[in-house]
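Working notes for the structure below.
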Amino acid sequence: MIALRDVVVEYGRGVRAVRAVDRITLGVPQGQSLALIGPSGCGKSTLLFAVAGLIRATEGEIRIGGELVAGPRRDTALILQNAGLLPWKTVWQNANLSLLLAKEYPAATADAVLAELGLSDVKSRYPSELSEGMKRRVGIARALSTSPEVMLMDEPLASLDTLTKERIQDLFLKLWARHAFSFVLVTHDIEEAAFLGQRIVVLSPRPATVKAVVDNPEMGKLDYRESSAFRAVVFRLRAELERGA
Ligand SMILES: Nc1ncnc2c1ncn2[C@@H]1O[C@H](COP(=O)(O)OP(=O)(O)OP(=O)(O)O)[C@@H](O)[C@H]1O
Ligand SMILES: [Mg+2]
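Every position in the sequence shown, counted from 1, becomes a number in my numbering once 428 is added.
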């Protein structure tokens, strides 16, 4: 369980303090997914980085599996927008970077993860030889390499073309079913939130507060993207984002 209680995050101090997150309370049960959507600059990344233990909450508390988050955790993986690949390392080395840095030899699962992501044929290539969609998949492989219980993603598929994006979203659902991690996805893409969030939290403009919580019980069903339930969630999210904006 990921549990946030009355979380406030401010940058700076005193009269110059900028409040980015204002009293957010939410929870993600083990193995479930949550999408966070909100206007640019509202505080989405700030909130995600606080859950990742990279930024300290000014007030309130964040717990993962009952433990207070006091810094980066071994059971938590973070994926950023540009995948953060090292150009001088191969696909295989990039995918296993966390383990190699920890001086642990990657397990046999490392190759299995690359295979699941359709990267087996390119594992000796360098990032400059990959398409943008492949780079994002290497980023996902890296996150999976440590078998995390919690996956945190900050717009991992931003600026990909629609079909590539949808293909990776489909793939991600399969990985989620197989690896059973919990995930929090930050996105500004309404359809992505509706496709990948079992629950979607709509945030207000800065400072981010919970503006609406949209449950999405049919998420993950076969051909969900073509269903009327999916269209209804997209419509609802759009209305919530536009309300009072
Ligand atoms: N290091 C910092 N120091 C001061 N203010 C910051 C810092 N980082 C972010 N902010 C401010 O906090 C607010 C929230 O930023 P954040 O990056 O969390 O927004 P976001 O919702 O992720 O935006 P986007 O959708 O554009 O990625 C913004 O107003 C930003 O200017
Ligand atoms: Mg951001």
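No residue lacks a Cβ here, since even glycine has one placed at the ideal position from N, Cα and C.
As the structure is a computational prediction, the values presented were derived from the model and not from experiment.
Paired residues, beta bridge with residue i - DSSP
i	result
F600	DSSP output for F600 lists no bridge partner at all.
V435	I452
S575	In DSSP, S575 forms no bridge with anything.
L631	V638
L580	L506, V612
V446	Y439
A660	Looking at the DSSP assignment, A660 forms no beta bridge with any residue, so it has no partner.
R491	A431, L496
Residue i vs residue j beta-carbon contact at 8 Å
i	j	result
I452	A636	yes
R516	S552	For the sequence presented, residue 516 should be read as Trp rather than Arg. No, the Cβ-Cβ distance between W516 and S552 is not below 8 Å.
L585	K593	yes
V578	L547	no
V638	L454	yes
E668	V612	no
D434	E495	no
V497	S610	no
K563	A511	yes
Closest Cα partner of residue i within the set the options
i	options	result
D651	Q597, L547, T574	Q597
I507	I430, L580, R606, R627	L580
K649	V662, Y439, A605, V614	A605
V446	G469, L454, M429	G469
L599	A569, S526, D539, T518	A569
P555	E619, N522, D589, L432	N522
S559	L513, R653, A571, V541	L513
Nearest-angstrom beta carbon gap, residue j and residue i [assumed within contact, 8 Å]
i	j	result
L624	A463	6 Å
A448	T474	4 Å
L665	A621	6 Å
Pocket of ligand 2 (residues with CB nearer than 7 Å to any heavy atom), chain order:
K472, S473, D582, E583, V614
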